[in-house]
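Chemist:
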Amino acid sequence: GSGAGVVVLRRLSDALADHDHIHAVLPGWAMTNDGADRAGYAVPSPAGQAAAIAEALAVAEVDPAEVKLIEAHGSGTPLGDAIEVAALNRVYRDVPPGTCALGSVKTNIGHLDAAAGVAGLIKAVLAVRHGVIPPNLHFTAPHPEVDLAGGPCFVPVKATDWPDTSRRVAGVSAFGLGGTNVHVVVEEPPGPGSRVTAEGPHVLPVSARDPEALRQALSALRDRLAADPPDLADAAY
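In structure tokens, the structure reads:
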């Protein structure tokens, strides 16, 4: 399939200073290449994948036990998935079993080729932001070659609340056919800080295709503003 994804990256200090809406923080990432350490062009290396994951966690200063969701590359092939889980089991070998959810957005939207990585990143950002472990479609049992029992991961099939932890942390993997391995650590955004409310008046336009749709849009906007009153300047932006 084909797809596209767009994210805006800023230094956290700059985003906080400008009072940006921060969806998540990326405290660390790493990239490796399998090089000659692979059995064939299309055969990934568990050592290369494990090195990228371990380095990203080290850069982010995150203990593997803190990670409660891994958004996997999840190619959907018995060999690729088995190697990816083997790499995860190496890095997370000291983490108790059944404590880290494992999923892939490919179960929802398919493989987007070059856009697959950013799709997984966006999914993980939404998960840590909202505190929800997302489910996976079409899963009943792991392939016999995929050793989920040898590590901490399980595959959730229904949405659940994020475990009660000091901070919400996820990991995202994306692997290239030529042996490039990338892993990004995603952390929940910091709490909202104080800000100076912009002086009004503000224009809050609402449009719709017909009068009835306009009434519905106004009603939905009214309910949303009443449930969680935002800064009016933010709502009008």
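Just add 11 to wherever you are in the sequence shown, counting from 1, and you've got the numbering used here. Here a beta-carbon is modelled for each residue, glycine too, at the ideal position from N, C-alpha and C.
(1) Could you give the C-beta distance for A247 and V214, rounded to a whole number, given that I count them as a contact under 8 Å?
(2) Decide yes or no for the touch test of the region 152-166 against the region 58-73: beta carbon pairs closer than 8 Å, at least 3 of them.
(3) In chain order, what residues of the same chain have a beta carbon less than 7 Å from the beta carbon of A76, not counting five sequence neighbours either side?
(4) Do you know offhand how far D158's Cα is from V96's?
(5) According to DSSP, simplified to helix, strand and coil, what is K79?
(6) When burial is assigned at 16 or more other CB atoms within 10 Å of the CB, is I144 buried or exposed?
(7) Quick check on R235: buried or exposed, where buried means 16 or more other Cβ atoms within 10 Å of its Cβ?
(8) Where are the beta strand (DSSP E) runs, 3 residues long or more, that stay fully inside the region 106-164, in chain order?
(9) Within 7 Å of any Cβ in chain B, is that where the Cβ of A98 sits?
(10) Below 8 Å on the Cβ atoms is my contact criterion, and I expect N44 with G190 to pass it. Report the Cβ-Cβ distance as a whole number of Å.
(11) How would you label Q60, buried or exposed, when you count the other beta carbons within 10 angstroms and need 16 or more for buried?
Modeler: The relevant details are as follows:
(1) Yes, A247 and V214 are in contact; Cβ-Cβ is about 6 Å, under 8 Å.
(2) no
(3) V106
(4) 7 Å
(5) Of the three classes helix, strand and coil, the one that applies to K79 here is strand, per DSSP.
(6) buried
(7) Burial call: exposed.
(8) 111-114
(9) Annotation note: the requested chain B is absent from the structure, which comprises a single protein chain.
(10) 5 Å
(11) buried
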